[in-house]
Structure formats: C-alpha cells, structure tokens
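Residue numbers (our numbering): 17 to 457.
Shown next, in structure tokens, is the structure this report addresses.
Here you go:
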C-alpha cells in the first residue's frame, strides 16, 4: 500500500475493470503504479471495503468502467477528416507548419478519447514529420498518445509514388511514398525508412496502378472508356487495384525489416495481395476491402499468424449500406476462422477523437465485446511490434504501462460507453479527470 514516505507510488481503486489477458471483467481491483517508471507495480483484489473518501495521492475510480488504454492500430496523425478537405487538397494547399499544428491537436483529441497508443501508417506528403511529432510527445513537449510510425510507406515506381489526381497546371504536391523496385531496391528503401527513425515499415502490396486518363462519362449515351479495359479478375472496375510488388520483393521487405526488429504493415485491398503479403510474413494486413471469398487469403492469414486490421470505419465513409454489410460480414468470418484482429479505423480520414467508431463496428459485426476490447488493446500492442515495442501496454499486470481509461457507463450495457470517457491516464500521468482535460494548457 502507499505510504506518505513513498510518494512515487500511488494506488488506483476500481470496482469494475476489464482485464484483456483474461478477456473478462473483474471486480474490486486495485492497481499500484509508479510515477517515476510509469508502470504498474502491483495488482490485487481487495478483500476489505474501502473508506468512502480516498485520500491523495490515491485515485478513486469506483463508479467508472475502467479499461486499459486503447490502441488505434491504423492512423494518420497528419491528416484531418476528408469531409473538411480531400487528402490531395491537404497535401497541395496546407503548409507543413499548418499540418504539424493540426497534428498536435489530433494528438490531444486522441488522448482525451482514451487512445493512449497510435500506430501511424504514413504522413501522406509530410515526409518524416510523424517521427518528429512522436519525439515531441516522448519529450513532453506536447500531450498525445505514444506513437509508432512509418514516416513514408514503400511503393513501386508509378504506384503510390505520386497521386494521379495531381493535374494542377504543372505544379507538384510532395511525394507520398518512398518509391522502390526490385529486391535490392526494396531492401535499400527499408533501410532508408529505419535510418530516418521509423518504428515499423509499411508497403503497398496493391493500389491503383495506372493513371485514370479518361474520366467517367458525364452524359447519357457516351460509352464508358476503361483504362485499363475491364478483364476477369480486375473487379470489373475502372482503374482497379493491382499488385505493386511481386512475391520476391515482398519477401525481401519483410526479411530486411525483421533483421532490424521492425514489424511490417501491408496495405492490401485484393485477396491476391492479402495472400501474398501474408505469405511474406507481414505483421499486419491493412484494409482487405475486397471480397476474399473463394481465395486462400483468410486461411493464409490464419496459418501465418497475420493480424488483420480491416479499417471498417473508413470503409463506412465511402460505400453503400449493402457493401458495408458485406465488409462487416467478412470481418466476422475472419474472426470465426481464427484470424487475429486489431482495431484501427484509418483515423485521419475521419476525425481524430472519433476512434471508437472502429470498435463499435466490430461489435455491430457480431464480434463479442471482450474480443473487441482484446483487439483494441493486446492485439494493438502486437501490431505495434509486441516485445519489439520496448514497452508493454494494453493489459493489467506488473511491469506493464499504467495506461487506463475510465468510462462513465458500463460498456457491457451501453453501446455508447466508449464515447463517455471521463478519465484518462497514460504512463501513470492523468490527462483527463471528471470529463475535463488536465495539464493541457
């Protein structure tokens, strides 16, 4: 227990706590944490009743539903909602100074929403600014979640290298990936990203490979001009997602990254790209937008232990209700098939602070609540690199980061509980109490 002579340690008292490792809620649990290390030092079940008033420095969270700090496994800290400005407009019209200032606000919003860790998967034209934002958070210059970032993603030449929407009178927006080709080229690109300070590597397994030279018909009677022409296996779409790397290149990316103890994320839309990325041994597959029915994609992810980050929250913004229903059914099928899931909404395409939407969609898809919370905590830690992270976070145990979120409603009974964040702690420091920000002048 805490004594006045040991002010480094204090105790958090809860009466309802979710333990991700047990995938269960526990009652009358107290957690001793260290201010100096920011870690949990002891967890115990109370046998005796507590006094009505808890004395400082201990913290009374009785009456709140307490969870470990949440992890958003797919974010873009340097983007803001596309309903405000498209990604192209943000890259073209907003200075790096403006984008960085916005990012500091995004960090604040995420932390106050209970997301104490961000896995940031690309600056989208801001070079390695995410690395410097991460460092600013780590040095205490700005409040925010701990950030694991990629700086620039890898893509083959002409793939995601320059946005094809960039037909703006000869001027050019910043590049949005590190272009690389061949085994030698991709290994060099991985080394460049790690040398710049990236925590993990992201590559585009597929994307729209060609410039869309002929716009969609704008008047009746004009036949569609497809570029490339529609073919079997190309989803019957104009400018479909096609592979950007072959299997040998994907294998080389993963091998080079893992030699530096860096996890790998693969953007993959098609079943073919998902399968190849999983075979290469990536840590996570992002999106999986298109149907995997009839393919070996899910089975390969299950066999390889690949974590699937389906980004349902961003899909919801752009597809019909029927297509969204199919996407959610595919995620439920992946779960039922034994595929590991992590929660990441592609936050940035929609507002930071609204991160809980991905968890809500997991629940709506039919995944049990305890499994959803596991995906947003322990699996998030694994997606960030697990033991390679240098810190344990996402569960309740001695030696794990003291990250906690207090909800003003019981999440087992209230579907909107994740929006009722009353209290937030990260690394043993309180950032929100009584529903109000703390120490964010």
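By construction, the Cβ of each residue, glycine as well, lies at the ideal position given by its N, Cα and C atoms.
Could you spell out the range, first to last residue, of the alpha helix (DSSP H) harbouring residue i?
i	result
residue 58	Run containing residue 58: none in the alpha helix (DSSP H); it sits in the beta strand (DSSP E), 56-61.
residue 353	Premise fails: residue 353 is in no alpha helix (DSSP H) and is neither H nor E.
residue 309	No alpha helix (DSSP H) holds residue 309; DSSP gives it neither H nor E.
residue 445	Here residue 445 belongs to no alpha helix (DSSP H); instead the beta strand (DSSP E) covers 445-449.
Thinking C-beta only, is residue j closer than 8 Å to residue i?
i	j	result
residue 372	residue 25	no
residue 112	residue 152	no
residue 70	residue 56	no
residue 30	residue 82	yes
residue 286	residue 323	no
residue 381	residue 348	yes
residue 157	residue 193	no
residue 393	residue 87	yes
residue 210	residue 278	yes
residue 269	residue 217	yes
residue 407	residue 353	no
residue 314	residue 355	yes
residue 453	residue 51	no
residue 214	residue 149	no
residue 144	residue 212	yes
residue 387	residue 328	no
Under a three-way DSSP split, which group does residue i fall into?
i	result
residue 87	strand
residue 170	strand
residue 218	strand
residue 317	helix
residue 114	helix
residue 203	helix
residue 397	helix
residue 147	helix
residue 224	strand
residue 130	coil
residue 475	This structure cannot settle anything about residue 475, because the visible part of the chain is limited to 17 through 457.
residue 108	helix
residue 331	helix
residue 359	coil
residue 27	strand
residue 196	coil
residue 428	coil
residue 250	Confidence at residue 250 is low in this model, with a pLDDT of 46, below 50, so its placement is unreliable and no value can be given for it.
residue 453	strand
residue 510	No answer is possible for residue 510: the residues shown for the chain start at 17 and end at 457.
residue 64	coil
residue 78	coil
residue 135	strand
residue 21	Low local confidence applies: a pLDDT of 49 at residue 21 is under 50, so the model's placement there is unreliable, and no value is given.
residue 229	Legend: pLDDT at residue 229 = 47, less than 50; position of this residue unreliable, no value from coordinates given.
residue 211	helix
residue 371	coil
residue 122	helix
At what residues does the beta strand (DSSP E) containing residue i begin and finish?
i	result
residue 45	45-50
residue 441	437-442
residue 35	33-35
residue 162	162-165
residue 324	323-325
Assuming residue i and residue j make a contact with CB atoms under 8 Å, what is their CB distance in whole Å?
i	j	result
residue 308	residue 263	Actually they are not in contact, since the Cβ atoms of residue 308 and residue 263 sit about 18 Å apart, beyond 8 Å.
residue 368	residue 122	4 Å
residue 284	residue 222	6 Å
residue 37	residue 438	Not really, about 24 Å apart at Cβ, beyond 8 Å.
residue 118	residue 90	The Cβ separation is near 18 Å, so there is no contact.
residue 85	residue 420	6 Å
residue 45	residue 74	The pair is not a contact, with the Cβ atoms about 14 Å apart (cut-off 8 Å).
residue 389	residue 365	So it is not a contact: roughly 23 Å between Cβ atoms.
Are the C-beta atoms of residue i and some chain D residue less than 8 Å apart?
i	result
residue 439	Note that chain D does not occur in the displayed structure, where there is just one protein chain.
List in chain order: all unbroken alpha helix (DSSP H) runs of 4+ residues lying wholly within the segment 255-306.
263-275, 287-296
Can you check the segment 373-425 for any alpha helix (DSSP H) of at least 4 residues that lies completely inside it and give the ranges in chain order?
385-391, 394-400
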